[in-house]
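Everything below concerns the one structure shown next.
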Amino acid sequence: MTRSALLCCLAAMLTVAMPMSRVEAHPHVWTAVKTELIMKGSLVTAVRHHWTFDEAFSAFASQGLDEDGDGKLSRAELQPLAQVNVESLEEYGFFSDLYEHGTEETSKRTFGDPKDYFLTIDNAQLTLHFTLPVLVPVDAKKKALLEVYDPSFFVDFAFSANEPVKLVHAPAGCKMDLKMAQDLDSDTMDALAQIPADQRELPQELMKLTVTMANEVSLTCK
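The numbers in numbering that gives the first Met the number 0 rise by one with no breaks, and the one at position 86 of the sequence shown is 85.
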């Protein structure tokens, strides 16, 4: 199955799993984000994400995976689903952009293959854990910026209210600021509600509005 087909199947599955009033509108998946920036000196060398999905998506995505019938989902039982997730995310740049301030249009960094990926489940919600190596590390002395969002608003990403971002191995003198995604106005939400569940791409005029949904981390090290 192609990745695009996988996303179409996701939309179809959610149509079954959710009330129709919820499915008709973008987004189709709600994701709480916790992120760690892995550093070596002032360089950001990796991004470690922890994404917790909403209960409806978690329930549908994990059904039929309890192979031993014990009523619990182990990491081993969830691992094939974790692999499908990270492989599918590659086509969309893992919904993450990392770059140095002032180079937004020319220097967004490419991530290497995901590492250390696995799924856990708690309180009926799946959490995908994965680490993205940064192929060309970003120097936070020049201000490093990380954005997490889906410009098509198929997935609604929002930083967790509890410890949304951490620095790992950061030197002294690093300062981090966090900007949460802006809420969309009622007219935009009404327009999004008209987008069919099986349509991922948004009209250009809506894409221009959903860029405000970016969650942004700004990191500067002296």
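All C-beta atoms, glycine included, are put in the ideal place defined by N, C-alpha and C.
Worksheet item: If you drop the 5 nearest sequence neighbours on each side, which residues of the same chain put their C-beta closer than 6 Å to that of residue 115?
Response: 130
Item to complete: Kindly identify the DSSP beta-bridge partner or partners of residue 165.
Response: 35
Worksheet entry | CA-to-CA distance, residue 48 to residue 138, given in whole angstroms | 20 Å
Fill in: Where residue 128 falls, given that 16 or more other Cβ within 10 Å makes a residue buried
buried
Practice prompt. Pick out whichever of 52, 66, 117 and 68 has its Cα sitting closest to the Cα of residue 74.
Written response: It is 117.
Worksheet item: Exposed or buried, which one is residue 160 when buried takes at least 16 other CB atoms within 10 Å?
Response: exposed
Worksheet item: DSSP beta-bridge partners for residue 217?
Response: Bridge pairing for residue 217: 144 and 176 [DSSP].
Worksheet item: To which residues of the same chain is residue 35 closer than 7 Å at the C-beta, ignoring the five residues directly before and after it?
Response: 47, 165 and 167
Worksheet item: Roughly how many whole angstroms lie between the Cα atoms of residue 158 and residue 145?
Response: 12 Å
Practice prompt. Reducing DSSP to helix, strand and coil, say where residue 53 ends up.
Written response: DSSP, read as helix, strand or coil, puts residue 53 in coil.
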